[in-house]
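Working notes for the structure below.
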Amino acid sequence: MKKQKYAPEIRIGEYDDSWEKKKLSDVANIFDGVHQTPKYTDSGVMFLSVENIATLTSQKFISEEAFKKDFKTYPVFGDVLMTRIGDVGTTNVVETQDRLAFYVSLALLKPQNVDSYYLSNVIQSPLFKKGLKERTLVTAVPQKINKEEIGKVDIILPVSDKEQSQIGLYFKKLNSLILIHQNEIERLGCLRKAMVEKMFPQDGENVPAVRFGQYKGPWKLCKFSEIFTERHTIDTISDEYPQLAFTIEEGVIRPEDKKTNKRDFLIIDKATKKYLQTEYDDIIYNPANVIFGAIHRNALGKGCVSPIYKIFYTDQDSTFMECIVRHPSFIKEISRSMEGTVKKLRTLKPKAFLDMSAYIAPTIEEQQQIGEYFRQLDRLIDIEKEELEKIKHIKSACLEKMFV
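Heads up, the sequence shown is in my numbering, so the first residue is 591 and it goes up one at a time.
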């Protein structure tokens with residue numbers, strides 16, 4: 591009987607020999623962490639759990655005594671940690687010489703004659719993930735894979751150590767690029783949040799802590815009915831006004847970009863259904879979820895959204911006003927203006943919104959300068975997000991084509 595040949599669609603270098611099929615237990619020894627939540631200490635040995643897989647860093651520690659008692663086997667440089675409870679199959683390579691403790695939600699893979707980075711990334715490949723899923727208890731809450739089952743999953747790998755290491759190094763570089771962009775997005779997000787706090791007046795104040803140099807004097811207290819006008823143009827979807835979606839996290843987006851609750855297929859009469867029209871720079875909020883951050887500027891353009899939302903336009907700088915209505919202190923004020931006795935049933939009526947007030951920059955020039963500052967920050971964040979998505983797509987394609 592002819593032996594089956596295993597080879598990926600794309601290979602690095604001039605390799606043409608067949609890869610070999612083994613069980614994961616043939617190339618790695620597998621262990622799990624402590625099954626009981628430990629007593630945490632202010633310092634000591636870092637303690638990792640499933641939520642720490644991306645960085646393998648944590649703010650939790652256990653004592654030296656507990657570590658010596660509970661961890662005869664522990665992660666060392668070059669080992670691989672894999673999530674196995676809740677999230678199943680996400681991996682990372684240990685790159686520290688420091689001792690680490692870990693919870694049962696992680697599996698410890700100690701490579702035996704296999705490249706660590708190859709092992710970490712082949713686990714992310716479609717075929718291996720399929721094998722993991724077949725052995726995962728998906729009916730358990732949360733889903734999990736037993737330690738004994740992990741080693742039974744098939745793994746296909748190059749015979750050549752050099753080919754393994756080349757593939758591992760390639761994905762290591764991709765992962766490093768992903769981490770760089772993720773860190774930059776986080777850094778810019780933190781900067782934006784800090785500047786919103788500094789460039790807008792805090793509770794009980796009428797001037798911000800940080801201001802562009804040429805502007806002086808207090809900001810003016812304005813009622814929203816002086817600033818905003820409700821937009822309630824009702825019409826059907828058209829080429830000029832296509833259907834748009836609205837989320838707490840991202841505001842106005844295209845329906846195809848919505849990550850959850852994709853229920854568009856349920857709308858049978860979409861062509862005749864009436865929607866609310868929105869224009870670029872409108873302020874839109876969800877009356878039921880506004881206290882959770884569901885208030886945004888329409889930064890996308892003309893379109894139609896569900897009539898459950900409330901839409902307003904203004905002759906002030908719209909980005910500046912978005913910062914006002916999304917400011918943490920203003921969200922607290924919104925909470926006090928919402929109607930209803932049960933938190934989940936409370937809503938912000940348009941009249942209540944227009945009755946609210948806030949301190950705003952007295953000149954449109956100052957508003958525009960502040961607005962432009964945040965627009966530039968948002969553009970930088972969007973650029974980083976786009977680059978991150980490109981690299982993730984490249985990695986996803988490579989996981990499919992560079993492994994068997």
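Ideal Cβ positions, reconstructed from N, Cα and C, are used throughout, including at glycine.
In the DSSP annotation of this structure, the continuous segment of the beta strand (DSSP E) that includes A618 starts and ends at A618 to D622.
Residue pairing for H886: DSSP places it in a beta bridge opposite I874.
Under DSSP, C894 takes part in a beta bridge, and its partners are Q833 and Q867. Each of G634, R782 and N711 was checked against the Cα of E990, and the nearest Cα belongs to N711.
Straight-line spacing of the CA atoms in M672 and Q594 works out to 29 Å. Cβ neighbours of A799 within its own chain (closer than 7 Å, five residues either side excluded): K788.
No residue range can be given for D632, since it is assigned to no beta strand (DSSP E) and is classified by DSSP as neither H nor E. Per DSSP, the continuous alpha helix (DSSP H) segment holding R926 begins and ends at P918 to S927.
Considering only L709, F651 and I971, the residue with the shortest C-alpha distance to G679 is L709. For E820, the enclosing beta strand (DSSP E) stretches over residues F818 to E820. Out of H886, K863 and Q804, the CA that lies nearest to the CA of V842 is found in H886.
Your pair I901 and L866 checks out as a contact, with CB atoms roughly 6 Å apart and the cut at 8 Å. Listed in chain order, the non-local C-beta contacts of P748 below 6 Å within the same chain comprise W609 and Q754, local neighbours out to five positions each way being set aside.
F761 sits buried, since 16 or more C-beta atoms from the chains shown fall within 10 Å of its C-beta. DSSP, read as helix, strand or coil, puts D972 in helix.
Rounded to the nearest angstrom, the Cβ distance from P897 to K864 is 7 Å, consistent with a contact under 8 Å. Residue pairing by DSSP puts P701 in a beta bridge opposite A618.
Taking Y596 as the centre and dropping the five residues before and after it, the same chain places the C-beta of S608, W609, E610, K611, I746 and V994 closer than 8 Å to its C-beta, in chain order. Residue environment: L698 is assigned as buried (16 or more neighbouring CB atoms within 10 Å of its CB, all protein chains considered). Secondary structure note for F993: it is in no beta strand (DSSP E), with a DSSP letter that is neither H nor E.
In terms of Cβ geometry, I735 and L722 form a close pair [threshold 8 Å]. Only residues of its own chain outside the window of five on either side were considered, and among them F814, S815 and F818 have a CB closer than 7 Å to the CB of L944, listed in chain order. It is roughly 7 Å from the alpha-carbon of Y903 to the alpha-carbon of E820. Going by DSSP, A948 is part of no alpha helix (DSSP H) but of the beta strand (DSSP E) stretching over S947 to I950. Of the candidates I981, S908 and K980, the residue whose Cα lies closest to the Cα of Q959 is S908.
Here G893 is buried, its C-beta having at least 16 other C-beta atoms within 10 Å.
For the 8 Å CB-CB criterion, A618 and F661 do not form a contact.
Boundaries around L671 are those of the beta strand (DSSP E), V670 to I675, since no alpha helix (DSSP H) includes it.
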